[in-house]
Amino acid sequence: MNSQQWMDLSETVVAHTYARYPIVLVRGKGTRVWDVDGKEYRDFVAGLAVCNLGHCHPKVVKAIQEQAEKLIHVSNFYYIEPQIRLARLLCDHSFADKVFFCNSGAEANEGAMKLARKVAKGKMNGDRYEIITMEGSFHGRTFATLTATAQEKFHKGYSPLMPGFKYVPFNDAKAVRDAIDSKTCAILIEPIQGEGGVNCPSEGYLKTLREICDEKEVLLIFDEVQVGMGRTGKLFAYEHYGIVPDILTLAKSLAGGVPIGALLIKKEISDGFKPGDHASTFGGNPLATAAGVAALTAILEEGMLENCRNVGGYFLSRLGEMKKKFPFITEVRGKGLILGMELSMDGGSIVKEMMQRGFLINCTMGNVLRFLPPLIVTEKEVDQMLEVLEEVLKKIQ
Ligand SMILES: Cc1ncc(COP(=O)(O)O)c(C=O)c1O
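When we follow this note's numbering, the leftmost residue of the sequence shown carries the number 14, and every step to the right adds one.
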């Protein structure tokens with residue numbers, strides 16, 4: 014079947030929850046993907062920060078193949094070798110003492126918020142259940158994570174939302190301090206907001222939040238679903254800011270493209286969960302965690318963090334140069350290889366034009382072009398993409 018036939022079939026049988034672009038992707042390798050008609054694209058979306066290692070990284074493919082022949086799934090009633098290995102690796106390379114595995118970012122955030130409530134009810138005084146989140150945040154699509162997501166457009170049609178949430182502006186530590194009361198158990202924050210438009214924390218902001226949480230005995234949860242696993246040039250984004258959270262959530266790129274989620278937890282916090290308190294059928298299953306071990310090892314051993322810092326720095330400086338040329342570029346920002354170009358107009362048509370010219374990029378919040386290439390992208394590939402982007406932008410001017 015050609016792409017049109019696949020798209021026609023999709024319209025009849027797949028639920029219409031996505032406004033899809035008219036291409037059918039069938040193959041990927043490194044920074045490139047191909048559609049069913051054989052057209053090649055450079056991928057600066059990378060599954061929205063899932064394919065940090067590039068598509069079909071050989072070590073991840075091999076790990077999946079080998080694990081699939083041995084054991085694909087067993088219940089969490091039993092110990093699972095690759096699950097233990099991945100937890101060990103994550104603890105060795107982070108602040109965490111314990112890991113809970115699940116299957117997605119939303120599920121990781123659900124788990125983190127459940128744990129915060131458990132800990133608050135068990136250890137802290139009184140009935141503390143409220144969670145403070147930031148305007149412009151994105152934490153997932155389940156009822157609790159949707160409510161945590163402080164963006165009205167995602168809430169429409171789903172009322173009543175979950176009780177127990179308060180929203181404050183991003184980058185306003187005083188607003189957090191003022192919002193905390195005797196009911197507050199946790200603050201949930203993306204260290205860099207991804208879906209909200211690649212919004213970076215201002216100098217000292219996250220450190221101040223840590224201080225406030227310590228002073229008020231409130232848990233600090235970092236949602237690193239999008240910015241974790243090397244995306245910012247360090248394995249975890251919190252490492253840039255001289256502080257550690259109490260709980261950190263991961264998903265997306267943790268298993269190199271196989272669905273997975275995880276909570277990284279300090280020991281004294283993880284004790285809040287007792288056997289039977291929380292669970293997931295597929296969480297940490299052999300296939301996903303074997304892929305996770307391979308993916309994490311490759312990120313650490315193949316210089317991807319360094320490449321992310323170097324190419325990311327180059328990319329951001331090139332975006333800065335473009336900003337000088339086009340008055341409708343209002344800001345460029347980001348860290349490592351999560352970069353944004355804010356425009357004074359809608360960016361949707363630019364994404365479509367880029368796609369026709371063989372480059373996949375993304376636009377979030379309507380007017381922020383977002384670049385999330387695999388961490389193996391080269392300066393040359395960045396130049397190639399920006400050359401074409403410049404041509405497209407010139408047509409607008
Ligand atoms: C920061 C953040 N948290 C949570 C999620 C939800 O992850 P998932 O779609 O795997 O549930 C996302 C997804 O984009 C995200 O970017």
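Ideal Cβ positions, reconstructed from N, Cα and C, are used throughout, including at glycine.
Subject >> Burial state of Ile374, where buried means 16 or more other Cβ atoms lie within 10 Å >> reply: buried
Original post:
Taking all protein chains shown into account, do 16 or more other C-beta atoms lie within 10 angstroms of the C-beta of Ala303, making it buried, or fewer, making it exposed?
Top reply: buried
Original post:
If you drop the 5 nearest sequence neighbours on each side, which residues of the same chain put their C-beta closer than 7 Å to that of Thr155?
Top reply: Ala119 and Glu123
Original post:
Hey, is Phe151 close to ligand 1, as in C-beta under 7 Å from one of its heavy atoms?
Top reply: yes
**OP:** Select from Ala199, Leu219, Glu208 and Gly246 the residue whose C-alpha is nearest the C-alpha of Lys229.
**Re:** Ala199
Subject >> Beta-carbon gap between Gly305 and Leu38 smaller than 8 Å >> reply: no
**OP:** With a threshold of 7 Å, establish whether the CB of Ser117 neighbours any heavy atom of ligand 1.
**Re:** yes
Original post:
Among residues of its own chain, excluding the 5 on either side of Ile256, which ones have a beta-carbon nearer than 7 Å to its beta-carbon?
Top reply: Leu219, Lys220 and Arg223
Original post:
Between Thr25 and Pro386, which are expected to be in contact by the criterion C-beta below 8 Å, what is the C-beta distance as a whole number of angstroms?
Top reply: So it is not a contact: roughly 34 Å between Cβ atoms.
Original post:
Going by the beta-carbon positions, is the gap between Val132 and Leu232 smaller than 8 Å?
Top reply: yes
**OP:** Would you mind stating whether Thr377 and Glu203 have Cβ atoms separated by less than 8 Å?
**Re:** no
**OP:** Go ahead and label Ile85 buried or exposed: buried means 16 or more other beta carbons lie within 10 angstroms of its beta carbon, across all protein chains shown.
**Re:** exposed
Original post:
Hey, is Leu61 close to ligand 1, as in C-beta under 7 Å from one of its heavy atoms?
Top reply: yes
**OP:** Report the rounded CA-to-CA distance for Lys52 versus Met317, giving the unit in angstroms.
**Re:** 27 Å
Subject >> Endpoints, the alpha helix (DSSP H) within which Asp105 is located >> reply: Glu94 to Asp105
**OP:** Determine the burial state of Val381: buried for a count of at least 16 other Cβ atoms within 10 Å of its Cβ, exposed for fewer.
**Re:** buried
Subject >> In DSSP terms, what Ala109 is bridged to >> reply: DSSP, once it has assigned bridges, lists no residue as partnering Ala109.
Original post:
What span of residues does the alpha helix (DSSP H) with Ile363 cover, start to end?
Top reply: Gly361 to Gln369
Subject >> Supposed close pair Val238, Lys265 - CB separation, criterion 8 Å >> reply: 6 Å
**OP:** For Gly241, count neighbouring C-beta atoms within 10 Å of its own C-beta (all shown protein chains included) and say buried if the count is 16 or more, exposed if not.
**Re:** buried
**OP:** Reducing DSSP to helix, strand and coil, say where His168 ends up.
**Re:** helix
**OP:** Look up Asn122 in the DSSP assignment and say whether it is helix, strand or coil.
**Re:** helix
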